[in-house]
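*Asks:* One structure is given below, represented as structure tokens, and several questions about it will come after.
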Amino acid sequence: MDEPLIAQGSSFQEQCSQCSAVDWGVTEEGGYFCRSCHNVIERTLEVLDSYHSNYRVSRISRESKKNKKLEHGNDWMVCEGFQFILKHQAEALLEMGVCPQFKDDVLCNFWRRYLQKSNQAYTRNPVTVERFQLGSDTDGASESLSLSDFCPSASETDVESSAPSSISGFSSDGGASSVCSGSLDANSYHSTAERKRWNLMTMPMTLAFCHLSLLWLREALTLSDLLRFVAEGHIPYINAYQVFPEEMKLYGKDSQIFRVESIPSHRKVQQEAHKLAVFLDLPRFPPVTQEYMLHPALLSLKYLTEANLPDELHLWVCRVMEQAGVGEGTYLTYDPLGRKSCLLSYDILAAALIIVTMKLLFKMDDQKEWKLSKKTDTENKQNKDNGIFCLRKWYKTVQRALDLAKEKEVEEIARQSWKPRKPLYSSRKQKCVILKRRRVVEHLQTSFQKLTNSTPEPQQSPPCSFRFRWGEVDGDGPSYYNQHLGSVVMEKNGSLHLMNPKYWHTALKPCQPKQCRDHFREIEPTLPRSYIFLLQLFSFLLGVGESCIHAQVIQVERLLIRNAPRTPSAQKLQQKQKN
Amino acid sequence: MDDLGAEIGTCISEDDTSVDDEPRSKKRRLYVPLSAECFKRTPKETGFHRSARECLRKIREDLLQHRWQEAAEYMISYFQTLEDTTVTKQLLASEIIWRLGTEILHHHPNSNPEDFNSFLEQMKNIGVKSYLKVSLEHAFHLLLTGHFDEAKQQLSIAESWRYGRQSASQADKMKLIHAYRGFLDYFSWISKKNATSGDDDADVADHKEMHNYFRQASVNLQEILKQPGVWDPFVIGYVNMLEFYNDQDGALSILKEYAYDNSFPPNPNAHVFLYDFLKRHDAPEKKLIRVLEVLQALVPSHELMLELCSLLLKSDDEKHLEEATGVIFSLLDYSSWKQNLEAWTYLRNTVKILKKKKLMHLITKEWETRKDWWPAFHFRTHHAKIDLEESKELITLKAKTASLLSGHKCIYCRKKLELFKESNGHAKKVRNVVKRTASPIASQEVSRGHY
Numbered sequence: 001m002d003e004p005l006i007a008q009g010s011s012f013q014e015q016c017s018q019c020s021a022v023d024w025g026v027t028e029e030g031g032y033f034c035r036s037c038h039n040v041i042e043r044t045l046e047v048l049d050s051y052h053s054n055y056r057v058s059r060i061s062r063e064s065k066k067n068k069k070l071e072h073g074n075d076w077m078v079c080e081g082f083q084f085i086l087k088h089q090a091e092a093l094l095e096m097g098v099c100p101q102f103k104d105d106v107l108c109n110f111w112r113r114y115l116q117k118s119n120q121a122y123t124r125n126p127v128t129v130e131r132f133q134l135g136s137d138t139d140g141a142s143e144s145l146s147l148s149d150f151c152p153s154a155s156e157t158d159v160e161s162s163a164p165s166s167i168s169g170f171s172s173d174g175g176a177s178s179v180c181s182g183s184l185d186a187n188s189y190h191s192t193a194e195r196k197r198w199n200l201m202t203m204p205m206t207l208a209f210c211h212l213s214l215l216w217l218r219e220a221l222t223l224s225d226l227l228r229f230v231a232e233g234h235i236p237y238i239n240a241y242q243v244f245p246e247e248m249k250l251y252g253k254d255s256q257i258f259r260v261e262s263i264p265s266h267r268k269v270q271q272e273a274h275k276l277a278v279f280l281d282l283p284r285f286p287p288v289t290q291e292y293m294l295h296p297a298l299l300s301l302k303y304l305t306e307a308n309l310p311d312e313l314h315l316w317v318c319r320v321m322e323q324a325g326v327g328e329g330t331y332l333t334y335d336p337l338g339r340k341s342c343l344l345s346y347d348i349l350a351a352a353l354i355i356v357t358m359k360l361l362f363k364m365d366d367q368k369e370w371k372l373s374k375k376t377d378t379e380n381k382q383n384k385d386n387g388i389f390c391l392r393k394w395y396k397t398v399q400r401a402l403d404l405a406k407e408k409e410v411e412e413i414a415r416q417s418w419k420p421r422k423p424l425y426s427s428r429k430q431k432c433v434i435l436k437r438r439r440v441v442e443h444l445q446t447s448f449q450k451l452t453n454s455t456p457e458p459q460q461s462p463p464c465s466f467r468f469r470w471g472e473v474d475g476d477g478p479s480y481y482n483q484h485l486g487s488v489v490m491e492k493n494g495s496l497h498l499m500n501p502k503y504w505h506t507a508l509k510p511c512q513p514k515q516c517r518d519h520f521r522e523i524e525p526t527l528p529r530s531y532i533f534l535l536q537l538f539s540f541l542l543g544v545g546e547s548c549i550h551a552q553v554i555q556v557e558r559l560l561i562r563n564a565p566r567t568p569s570a571q572k573l574q575q576k577q578k579n
Numbered sequence: 001m002d003d004l005g006a007e008i009g010t011c012i013s014e015d016d017t018s019v020d021d022e023p024r025s026k027k028r029r030l031y032v033p034l035s036a037e038c039f040k041r042t043p044k045e046t047g048f049h050r051s052a053r054e055c056l057r058k059i060r061e062d063l064l065q066h067r068w069q070e071a072a073e074y075m076i077s078y079f080q081t082l083e084d085t086t087v088t089k090q091l092l093a094s095e096i097i098w099r100l101g102t103e104i105l106h107h108h109p110n111s112n113p114e115d116f117n118s119f120l121e122q123m124k125n126i127g128v129k130s131y132l133k134v135s136l137e138h139a140f141h142l143l144l145t146g147h148f149d150e151a152k153q154q155l156s157i158a159e160s161w162r163y164g165r166q167s168a169s170q171a172d173k174m175k176l177i178h179a180y181r182g183f184l185d186y187f188s189w190i191s192k193k194n195a196t197s198g199d200d201d202a203d204v205a206d207h208k209e210m211h212n213y214f215r216q217a218s219v220n221l222q223e224i225l226k227q228p229g230v231w232d233p234f235v236i237g238y239v240n241m242l243e244f245y246n247d248q249d250g251a252l253s254i255l256k257e258y259a260y261d262n263s264f265p266p267n268p269n270a271h272v273f274l275y276d277f278l279k280r281h282d283a284p285e286k287k288l289i290r291v292l293e294v295l296q297a298l299v300p301s302h303e304l305m306l307e308l309c310s311l312l313l314k315s316d317d318e319k320h321l322e323e324a325t326g327v328i329f330s331l332l333d334y335s336s337w338k339q340n341l342e343a344w345t346y347l348r349n350t351v352k353i354l355k356k357k358k359l360m361h362l363i364t365k366e367w368e369t370r371k372d373w374w375p376a377f378h379f380r381t382h383h384a385k386i387d388l389e390e391s392k393e394l395i396t397l398k399a400k401t402a403s404l405l406s407g408h409k410c411i412y413c414r415k416k417l418e419l420f421k422e423s424n425g426h427a428k429k430v431r432n433v434v435k436r437t438a439s440p441i442a443s444q445e446v447s448r449g450h451y
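Read top to bottom, the protein sequences are chains X and A. For the first sequence, the UniProt record's numbering begins at 1 and goes up steadily by one. For the second sequence, the UniProt record's numbering begins at 1 and goes up steadily by one.
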């Protein structure tokens, strides 16, 4: 921390750049000026005198800080920015009715744990300072001096207080905010090694935090719901940095950390969440039991409603669930540190259970289900009450609604606005160019809005966990919830049996799980269309790829066959499957 | 057999040269700016780009179906692509927005000229890389809506535009701007000319002003004509002015340069202009023939080929007669001339002249290369039917030619006889019916039946 330019005492012994004299005076603002040629230099008294005149330092630094604030804003760390975003995301979720413990007890604890594990706070030697020194601009050597002075205070700052000055307290010198970023430690976020070593925050990780916290509380909000609310803008994510207070200036390298140009996929958040849980060393999560919405028994009921399938089917879904052993606490509970642990996708699991049940009942091989529908039609005609579920009718209703909904979704994607009102710029030089572009875009938008007589922003619909509305006046079509399964099941010896004796599965072939991940694209053309339709339906409902659901279906089928108990009825079922 | 082989050989080599004449048009791939390619999803697409892609697809659909309102609504969302973080995408976006936006504003019922002007001003400044292009199109649009003076002003502004290196990289566009500026001066010149020619005691000032326009226009037009390119309207304007001021030689040299300079792309119109000019100034037939021969090599189906044929037939030279035969035959190779009475008359006249001069072997020579496809192309029974519908003269002429070329028993001739017999019989019947009934209703029916 040597400062070669500083001589002991108040005199500053550097030669003047204009007249080469060494005769310095101090202005009222604390700046140096050359007494011989009246050249004012940028160096201020503040740092130089910090050794012997505490009173003056505090006074002058306050003043200089005020000046800097106008230009740079306060100093802040990147993790503070993420803290802000997490806070707003949590508040949005609370507003949606997530249980009140979510924010202060769970998410907040996870976040503290994260800060500690990544050595950013709650530690004796916060790594951030070291990192910051490595990455900081060297044009003002004085910064490092002041930083080392403030080091110890960093560990004591209360990270949870939402004031922006919390962590930044350890750097009072305004010059620290280098030209290339608004935050202090953006540099380290740009080196891959650093990022990996400390598991530094990214925007998708904010969603991973929310997801893990929701999971801990066993909230009814699945990941697919969470991502949909993010896409619909109910949870701040796109341009979430706009909630930062005025003093937290964001530019340069920060822009690449906080800029969002897409919403992460289901799989990506799932991976991030698992990685995070392992990094945080989280204990076994509270068990997911029958009474929680995340349990497949309840979740599948939700998806049956969403897919307009009869409630009677739920009984069969539960039977499949039991036989496959996926309803048990040991299977469902997430343990980040357990052997072979992975984060379950409860939503995809429930969808797969429904699909397997549909395959058991109707076979879904493009032939059997239509034959069964024909039979149902004649039965319905005889009874004259349409009380029996007809797959053909269901298909026609749902397909129409699905096509319309998909079309509407594409329209919404086309209209989605991604760019912020306050644009990010990566260097000061670009600032005016980018701000001008923003103005032009806004002007063009208003002129075209005038042309089309349209309102600037359409009213946002309130968040809803259902995508279709069946059996309502303005809904998507008639509902089939109360219909019976009819002759698809039969009663024998006091218990229900399936009429359809056969079951199909995809061709078995050797595969190396590490090398080939996904065979769905290859086999897709060979699969029955009605099965593909089911995949498409649930892929739309969950917002995940068809291949993900297909993979989960295969997984459930495997478990179903492996775990089936050796009771006579089950053996019969198994035999039927084998046929 | 030797002769035949030689003939085929020459024929092939001729074909080859004709291909060589226009290699560009044949080899150049068709460029469709909005092919389906850009609507495909790329594996690592961001959500923002997906939105942009879908939005563009929607706008395109709406534009193709003339739903201007919907297209304008999607445009509002599409403007954000201007803020793309990659420079190439930004440039592309500004071009797309400029083109689609002008199209929408041009057709949207609510748009007014002020909107249009302010939109284009913004487009010029957002993409300085295409400033001059936008300016030029702006001027075109103003001309389209009848704002001549504003268009001229727009071009003047563009002429004086400077923007560091940007203006240097758009030098070729600047030339175009100058050229169109000159062209608009030419229009001013014409209107001045028309105004002054009416009254004899026109002001000296008027004449001076007109001359001023001429000077301005000629400086700019001269400049652009030095650049290789297709400058038809500029050439016409410039030559028109030169002719007015009796600078025949200057005009001729301009036209010759335009037609014969090899650095220019092959342009049939250049030869047409030259021919028209020479004809206007009573140039000798030899010169005219030479010009038309070049045109024939470029466009064998050009309508001036009939004139070339008549010019060639006028002279007694055997070579010219041979050429005339070639010209008229190759003209009739094109389907647009299939039913042209004049063309078939020329062929008939050529045959007559050749017969007189005992040069029928020339006909045979031309026929040799066509005998395997002309009968199917010209002389089928259904041709006879439609030819008769066209005119009786045509079918007679064609039948005569057909009988000469492929014998009088060819199907075309037989069909013609059949049709004539039919129509004669029909006419007789009609006459009888008319005689018998002599009532207007009956004749109406008959005529309908005949039709």
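No residue lacks a Cβ here, since even glycine has one placed at the ideal position from N, Cα and C.
1) Determine whether the beta carbon atoms of X:TYR531 and X:LEU309 lie at a separation below 9 Å.
2) Just verifying my parser: in three-state terms, what is the DSSP assignment at A:LYS314?
3) Around the C-beta of A:ASN246, are 16 or more other C-beta atoms found within 10 angstroms, so that it is buried, or is it exposed?
4) Anyone know if the C-beta pair for A:ALA323 and A:LEU312 falls short of 9 Å?
5) Let me know the beta strand (DSSP E) ranges lying completely inside the segment 373-453 of chain X, each 3 residues or longer, listed in chain order.
6) For a minimum of 4 consecutive residues, which ranges assigned as the alpha helix (DSSP H) are wholly contained in the segment 499-569 of chain X?
7) Quick one: what does DSSP say X:PHE33 is sitting in, helix, strand or coil?
8) Run through the DSSP bridge pairs and tell me what X:VAL489 is partnered with.
9) Closest to X:GLN120 by C-alpha separation, out of X:LEU93, X:ASP75, X:ASP185, X:MET96, would be which residue?
10) I want to see whether chain X comes within less than 9 Å of A:SER135, judged by CB atoms only; does it?
11) On the DSSP bridge list, what partners appear for X:GLY25?
12) Listed in chain order, which residues of the segment 401-418 of chain X have Cβ atoms closer than 8 Å to some Cβ of chain A?
13) My assumption, with CB atoms under 8 Å, is that X:SER255 sits in contact with X:LEU424. Please give the rounded CB distance.
14) Applying the criterion that 16 or more other CB atoms from any shown protein chain within 10 Å of the CB defines a buried residue, is A:TRP344 buried or exposed?
15) Just the Cα atoms here: how many angstroms apart are X:LEU294 and A:PRO109?
16) Count the other CB atoms within 10 Å of the CB of X:SER172; is the residue buried (16 or more) or exposed (fewer)?
17) Quick one: does X:ASP365 have its CB under 9 Å from some CB of chain A?
18) So what's A:GLY229 in DSSP terms, helix, strand or just coil?
19) In the segment 183-239 of chain X, which residue ranges form an unbroken beta strand (DSSP E) of at least 3 residues, counting only runs that do not cross its ends?
20) Is X:LEU360 closer than 9 Å to X:LEU537 when the C-beta atoms are compared?
21) With a threshold of 16 other CB atoms inside 10 Å of the CB of X:LEU147, please say whether the residue is buried or exposed.
22) Which residues of chain A have a Cβ atom closer than 8 Å to the Cβ of X:VAL441, listed in chain order?
23) Any idea which residues DSSP pairs residue 624 of chain X with across the strands?
24) Do the segment 403-417 of chain X and the segment 47-65 of chain A make contact, defined as three or more Cβ pairs closer than 8 Å?
25) Near X:SER168, what residues of its chain come up, given a Cβ to Cβ distance below 6 Å and the 5 sequence neighbours on each side ignored?
26) Would you call the segment 295-315 of chain X and the segment 459-470 of chain X touching, i.e. three or more CB-CB distances under 8 Å?
27) Leaving aside the five residues before and after X:ARG562 along the sequence, list all residues of the same chain whose C-beta is less than 6 Å from its C-beta, in chain order.
28) Quick one: does X:ASN239 have its CB under 9 Å from some CB of chain A?
29) Closest to X:VAL326 by C-alpha separation, out of X:HIS497, X:VAL398, X:LEU559, would be which residue?
30) Which of the three DSSP states is assigned to X:HIS295 in this structure?
31) Kindly indicate which three-state DSSP category X:VAL320 falls into: helix, strand or coil?
32) Output the boundary residues of the alpha helix (DSSP H) element that contains A:SER406.
33) Quick one: residues in its chain with C-beta nearer than 7 Å to the C-beta of X:GLU557, no 5 flanking neighbours on either side, listed in chain order?
34) What do you get for X:ARG259, buried or exposed, if any count of 16 or more other CB atoms within 10 angstroms of its CB means buried?
*Replies:* Let me spell this out:
1) no
2) helix
3) exposed
4) Correcting the residue identity first, residue 323 of chain A is Glu in this sequence and not Ala. Cβ distance < 9 Å, so A:GLU323 and A:LEU312 count as in contact.
5) none
6) 520-523, 529-542, 546-563
7) strand
8) X:LEU498
9) X:ASP185
10) no
11) X:PHE33
12) VAL410, GLU411, ILE413, ALA414, ARG415, GLN416, SER417, TRP418
13) 4 Å
14) buried
15) 54 Å
16) For X:SER172, the predicted model reports a pLDDT of 36, less than 50, meaning its position is unreliable; a value from the coordinates is still stated below. So X:SER172 counts as buried.
17) no
18) coil
19) none
20) no
21) Reliability fails at X:LEU147, whose pLDDT of 32 lies under 50, so the model's placement of it is uncertain and no value is given.
22) PHE79, GLN80, LEU82, GLU83
23) This structure leaves residue 624 of chain X out entirely; chain X is present only between 1 and 579.
24) yes
25) Confidence is the limiting factor: at X:SER168 the pLDDT is only 35, short of 50, which leaves the residue's position unreliable, though a coordinate-based value still follows. For X:SER168, where only same-chain residues beyond five positions count, the Cβ hits under 6 Å are ASN74, ASP75, TRP76.
26) yes
27) none
28) no
29) X:LEU559
30) coil
31) helix
32) 392-406
33) VAL356, HIS505
34) buried
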